[in-house]
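Taken in sequence, the protein lines are chains B and X. Numbers in the numbering used here are just positions in the first sequence, counted from 1, shifted up by 6. Numbers in the numbering used here are just positions in the second sequence, counted from 1, shifted up by 373. We put the CB at the ideal spot given by N, CA and C, even for glycine. Here the structure is laid out as structure tokens; the discussion comes afterwards.
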Amino acid sequence: MNTFSRAGLSRSRWLRPETLGALAVLAAGVAHAQDTQFRHLPFLGDFGSFFNREVWWMSIWAIALSIIIFIGVSAALFYSVAKFRERKGDTREPAQFHGNNTLEIVLIVVPLIIVTVLSVLTVRTMARLNTNEYAKNVGGETVKVEVLGRQFWWNFTYPDLGGFRNGNEMVMPAGRAVDAIVTSGDVIHGFWAPNIGGQRAAVPGSNFQVFVDNTRPGVYQGNCSQLCGASHANMRFKVVVLPEDQWNTFVSAARAYKAPTPAPGSAEARGLQIFLNGKNGSPSCGGCHRVQGTAANGAAGPDLSFFGSRMTLGAGMWEGKAALEKLKPWILNSPGLKPGSLMPAYVREKTNEAILNDQDLNDLQAYLLSLKLPAEAEYYDRETGKFSVPVR
Amino acid sequence: MAVSVPSKSGERPGALAVLWDYMTTTDHKKIGILYLVTSILGFAIAGLLAVAIRVQLANPNQDVLIGQQYNEVLTAHAALMIFFFLIPAGLFGFGNFLLPLQLGVRDVALPRLNNFAVWMFIFSLVLILTALWNGGAPGVGWTFYYPLSVNQSGTGVPTLMVALILNGLASLLGSANFAATILNLRAPGMSLWKMPIFAWGIFSTSILQLISLGGLTAASLVTYLEIKLGLSMFNPQIGGVPVLFQQFFWFYSHPAVYVMLLPYLAIAAEIASVFARKPLFGYRVMVYSLMGIVLASLLVWVHHMFAMGLPSIWQIAFAIFTLIVAVPTGVKIFNIIGTMWGGRLMMKTPLYWVIGFVFNFLIGGITGVSLGMVPFDYQVTMSYYVVAHFHNVMMFGTAFLVFGGLYYWWPKMTGRFLDEKLGLWHFWLFMVGSWMTFLPQYLLGLLGMPRRYYTYPDTNVMWHELNFVSTIGAFILLAGSIVMVWNFITSFRKPATLGPNPWGAYTLEWTAASPPAAYNFAHDFPKTFPTERPLYDWEQMGAKLKPVDPATIHLPQPTVWPFMTAFSLLIAGYGLSHGWFNSGFGSIIDSVNTITLYGGLVLFMYSLFRWAGTFEYAVPVHHHHLTKYNNGFLTMAWFIISEVGLFAVLIAGYVYLRVAGLAVPPVERPPIWLAALNTFILVSSSFVVHQAEQDLKKHKVTRFRLGLFITLVLGSIFTLFQVYEFVHFGAESDWRQNLWQSCFFIIVGLHGLHILIGATGIALPYYQALTGKLDEHNHGSIEPASIYWHLVDVVWILILAIFYIW
């Protein structure tokens, strides 16, 4: 929290990002004091992020100039309407002047000066946000995350940390810059979690870089921002910002993670069978999903390695308890629940007869929920429905 | 169908007679009315779709419109509002009705081309509707970003592509027609610098359309070709760049924003001057700022793509130009206020709309500048902040001036006032409704709500509340629209009693009757134009209009062939959208596609030749024009700018792919010797056609005919060689696998299509010469055909250099 009060800029207290950020959060909190813990304030006024602080210091000048221009021009407009409107019986001919060259020049030169100031601010801020300056300013070691968008889910891969992956929930350390490399496997998506920084489009065949960070541990909301098909609105993700020690625990557990081998004959074991081999020739889960430490290594669906430790289902369509309730219907008929979902329905098209029976679904659910990180490395506890960090 | 219902009253013609009149008309006023009626219809449908969108978003997790259905509705909403309301209403609706009237002339440069353009515009809307029973409406957003557009196979995307190309062609022909009209046809004594500001608005907008529209055509064409043939410049699997699509698309679609602005800014200036009883404040500066906006708007398109990972230097350059656009736009706003300053403001509805516009546009302009500041844009691009911004400038910006223009010119168009009281209700409902609808959306953007979301969870702070307020606003807008329609309808209950100039306005359209007669003016104008306000000046000078006997005025004769030509393109467009040349007759659907495609093309040729074979005027008329060039030549010269733009966009894309090392030519390339031979053939044909043109001027008709015949033969030989080359090269490898080959077929193939178009163009005067349609009063279409042929020639030389030699 010590990096953003910059010399040379105004230090008056009400201008400080902390003050304004706190005010906004307070206002939201008052409005929703009785709310559940899963209430998010996705907001670019979250000054925990270096990105947002920089945008703020750039914008404050623009906002000030905008207010002056807005008041000046609208005052001129309304003054002329009030002063020069036709009164009853007034038939005088107004003065027929054709303009005023001096005034015109002033009205061109002044905006040009304003535009120049804004351009300088823009370029300066870009230089700080789009380069390694970002990491230098945030401090600490940069974490590289490969962000993959697909219709309609996200995968987050940590290439420098042994290459483990997480689907739809991006975990990152507080107070360190994340070097996000964004790409897509099909159409264009948009990676956007306003609390940690700006957007970057996920374009197939391209790897675009964006730096993001947040100093405050917490769970933040992210969304797809580019129209990508029927479930564009259902392509959400969580950003879980962990304190350094929790982050280290999570990383070492995730690196070492091997999916638990279920006891023979257990529900989990039967679930694993279907997961790996499918049923009656229907496509297997493992053909599309990857689970670290098993033969399942598909890439057409989100990574399920830590599924049992995750809070969301269907790329953020359901959270917490609802996610658990929807798990079996989701496995059975994903496109029926989420428009355009590419996960096959396990229902025969003609007869509408379920391919997976209740027993199978229970087994699969049991197996999926067993895919858990060690308790000390979990950021979400399915039993209590609580995150280890505040939801913001 | 052919039986027309006898009309009950003897005076009113039957519906079919009216329809026939509009199908065959060459009258710019009727054509303007067609554009305006279609635009209002487009606004109504798109507005209802917007209400549906707002109903879905009023509360979280609703299922009024979900998933793809919602995307289809939002695509239709945007496409209709842009291509069938804001672009045509100002430029072509008001433009057609008013430009010739304001210039004091009887029609546009090419009245029959105008008829063709308006019907093709209407048919492009009809074509889009056919997608409904053929794969469904396109649901890819009006921006149809690649690869989403090709990802949704089997939907209405190809229909939208064909419709946009036809719509664009209509738009270009209309724009070229306007530019030629302004240069060639003005009342004697009216110099360019004495034209009304609205005429400048139309001129600058037309130029902008002509320069930039190639971008949209290129984007639609390449998308279409990928869907139909697998030819691509964007496919990342063969090295293509998806973002290149956006470069093409925004190269037009950003300037399009100004196409939706400039005519309206000029309307605002006209209204401000008349209702303040004063001249414009800084007329020349306003004209320069129109041109300044045209120039600057061509250099800002990348600001739609700041989050697309482009090199920083690009982003910076385009950000600076984006900010600079604020300067000329600001000038326009300041000058509108300056025009009102010190005047005697008649507080009537047209002025209310202008005042409302200035205030709203001020906010839209300021938020627009904020979006030019790149780091802020990284946060809010593709969010509801952007949605609020562009509705701020378009919906409660320029659309306000559509209404302002309607209230202002309604007396001229119908001879009746619109009701003031209803007008104020309409205005205030729109003012309040717009603010309630869109101001919450700015906040939604800052609170992280992305655009184009059909649903949202109830767990995000304030999303529900703000969306709900926005929906209430949409219903207030709906109420305002109902008042507007009611106002239109009730105005027709009163008789048309108004004189020529009920507002006491200053420009020439106000000397014509209300509504104007077919010939516009039964008088000649004084030849002195001291300022852009001739009626005011003439009154001061005591100059009088000189009556002319209407019986001596000749107008172009009505003909159905331009309509039929446009109609044939609808038919062929249907086949091209839903089928392809090899659809065959395997099923009923395939047969329909095949018959419409080939049948449409045959009908096109037939109608076009019938059109060329019909005299424009029933009696010989001597044409006056202000430049030494005739109307056909001048219109074609302007139109050629758009062709250059189209090839420039595609070639720039290819050169980029080539320089970046992505498009690598295969070892076996089309042989250079054949291309060299073809170059020789084409260049020779250019000389031949030039000689033929000279021969016609010297009245050597036989030599003229021979020249055209030789040109056609040379063109055919060129085409045969190229077909041979394409078949050979296409068989050697798969163009779906090689980016260079794909680019080759797209660009060289498009040039081949231009050869066919050019040859058709040459065939028309040849046919006119053979049937004795060329004489001293009727020059036929040789001049435009000839320069078009030269263009095709020049483009070929460029293609030779970049595809065969490089």
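Take residue i as the anchor and find which of the options has the nearest alpha-carbon.
i	options	result
leucine 735 of chain X	X/Met746, X/Pro723, X/Arg717, X/Gly703	X/Gly703
valine 775 of chain X	X/Gln441, X/Ile640, X/Lys1146, X/Asn557	X/Ile640
valine 395 of chain B	B/Gly224, B/Gln365, B/Asp185, B/Glu175	B/Gly224
aspartate 185 of chain B	B/Asn254, B/Asn240, B/Pro165, B/Val193	B/Pro165
serine 1057 of chain X	X/Val1074, X/Arg427, X/Trp984, X/Gly1080	X/Gly1080
histidine 1152 of chain X	X/Trp1179, X/Leu791, X/Glu1066, X/Gly1125	X/Glu1066
phenylalanine 982 of chain X	X/Leu943, X/Met937, X/Ser843, X/Ile862	X/Met937
glutamate 325 of chain B	B/Phe243, B/Lys142, B/Gly181	B/Phe243
asparagine 469 of chain X	X/Leu486, X/Trp515, X/Gly440	X/Leu486
leucine 795 of chain X	X/Thr554, X/Lys721, X/Phe1091, X/His837	X/Lys721
tyrosine 990 of chain X	X/Pro813, X/Gly477, X/Thr398	X/Thr398
glutamine 215 of chain B	B/Arg222, B/Ile187, B/Ser80, B/Asp366	B/Ile187
glutamate 205 of chain B	X/Ser1106, X/Ser756, X/Thr787	According to the sequence displayed, residue 205 of chain B carries glutamine and not glutamate. That would be X/Ser756, whose Cα lies nearest to the Cα of glutamine 205 of chain B.
valine 921 of chain X	X/Met493, X/Val992, X/Ala895	X/Ala895
serine 190 of chain B	B/Phe312, B/Ala199, B/Cys234	B/Cys234
leucine 474 of chain X	X/Leu414, X/Ala885, X/Ala425, X/Ala649	X/Ala885
glycine 145 of chain B	B/Ala273, B/Val218, B/Ser65, B/Ala328	B/Val218
tyrosine 1027 of chain X	X/Lys1071, X/Phe1118, X/Phe1099, X/Thr1084	X/Phe1118
leucine 505 of chain X	X/Ile460, X/Gly463, X/Val446, X/Gly547	X/Val446
phenylalanine 170 of chain B	B/Ala207, B/Val297, B/Asn229, B/His238	B/Val297
Near residue i, what residues of its chain come up, given a Cβ to Cβ distance below 6 Å and the 5 sequence neighbours on each side ignored?
i	result
serine 605 of chain X	Glu599, Gly613, Ser1115
isoleucine 120 of chain B	Leu71
arginine 17 of chain B	For arginine 17 of chain B, the pLDDT reaches just 41, beneath the cut-off of 50, and the residue's location in the model is therefore unreliable, leaving the point undetermined.
glutamate 139 of chain B	none
asparagine 1004 of chain X	Ala482, Leu483, Ala553, Asn557
glycine 415 of chain X	Leu453, Phe457, Phe458
glycine 293 of chain B	Gly304
Checking 8 Å against the spacing of the C-beta atoms, do residue i and residue j come in under that value?
i	j	result
leucine 282 of chain B	proline 268 of chain B	no
serine 577 of chain X	methionine 664 of chain X	yes
phenylalanine 622 of chain X	alanine 669 of chain X	no
alanine 180 of chain B	proline 270 of chain B	no
histidine 342 of chain X	alanine 423 of chain X	Since the displayed chain X opens at 374 and closes at 1179, residue 342 of chain X lies outside it and no answer follows.
proline 628 of chain X	leucine 581 of chain X	yes
glycine 788 of chain X	tryptophan 726 of chain X	no
proline 1157 of chain X	methionine 1009 of chain X	yes
glycine 1131 of chain X	tyrosine 1177 of chain X	no
Apart from the five residues just before and just after residue i, which ones in its own chain have a Cβ nearer than 8 Å to its Cβ?
i	result
valine 36 of chain B	Any reading at valine 36 of chain B needs caution, since the residue's pLDDT is 44, under 50, leaving its predicted position unreliable; the model's value is listed next. Here the set comprises nothing.
glutamine 40 of chain B	For glutamine 40 of chain B, the pLDDT reaches just 41, beneath the cut-off of 50, and the residue's location in the model is therefore unreliable, leaving the point undetermined.
asparagine 507 of chain X	Gly529, Thr532, Ser950, His951
threonine 42 of chain B	For threonine 42 of chain B, the predicted structure reports a pLDDT of 49, less than 50, and the residue's modelled location is therefore unreliable. The matter cannot be settled from this model.
threonine 1000 of chain X	Leu556, Asn557, Leu1007
Kindly list the residues whose CB is nearer than 7 Å to the CB of residue i, restricted to its own chain and excluding five residues on each side of it in sequence; keep chain order.
i	result
phenylalanine 679 of chain X	Gln688, Val747, Asp750, Tyr751, Thr754
alanine 351 of chain B	Asn339, Ser340, Pro341, Gly342
Under 7 Å between beta-carbons, which chain A residues line up against residue i? List them in chain order, please.
i	result
isoleucine 114 of chain B	Checking the listed chains, one finds no chain A in this structure; the protein chains it contains are B and X.
Chain X contacts from the region 234-247 of chain B (Cβ-Cβ distance under 7 Å)
Cys234, Gly235, Ala236, Ser237, His238, Ala239
Runs of alpha helix (DSSP H) lying entirely within the region 684-714 of chain X, each at least 4 residues, in chain order
685-713
Against chain B, which members of the region 715-746 of chain X pass a CB distance test of less than 8 Å?
Gly715, Gly716, Arg717, Leu718, Met719, Met720, Ile728, Val731, Phe732, Leu735, Ile736, Ile739, Val742, Ser743, Gly745, Met746
Any C-beta of chain X within less than 7 Å: which residues of the region 167-198 of chain B qualify?
Asp192, Val193, Ile194, Gly196, Trp198
Ordered list of beta strand (DSSP E) runs contained in the region 122-177 of chain B, each at least 3 residues
149-156, 159-164, 170-173
Could you please tell me which residues of the region 60-73 of chain B, in chain order, have their CB closer than 7 Å to any CB of chain X?
Glu60, Val61, Met64, Ser65, Ala68, Ser72
Given a limit of 7 Å on CB to CB distance, which residues of the region 295-323 of chain B reach chain X?
none
May I ask you to list, following chain order, the residues of the region 650-663 of chain X that have a beta carbon less than 7 Å from some beta carbon of chain B?
Arg650, Lys651, Pro652, Phe654, Gly655, Tyr656, Val658
Interface positions of the region 809-828 of chain X facing chain B (Cβ-Cβ less than 7 Å), listed along the chain:
Leu819, Leu820, Gly821, Pro823, Arg825, Tyr826, Tyr827, Thr828
What are the start and end residues of each continuous alpha helix (DSSP H) run of 4 or more residues lying completely inside the region 923-986 of chain X, in chain order?
934-951, 961-985
Could I get the ranges of all uninterrupted alpha helix (DSSP H) runs contained in the region 499-571 of chain X, with 4 residues as the minimum, in chain order?
521-524, 530-557
What are the residues of the region 340-354 of chain B that lie near chain X, defined by any Cβ-Cβ distance shorter than 7 Å?
Pro345, Gly346
Whole runs of the alpha helix (DSSP H) within the region 384-457 of chain X, excluding any shorter than 4 residues:
388-397, 401-430, 440-454
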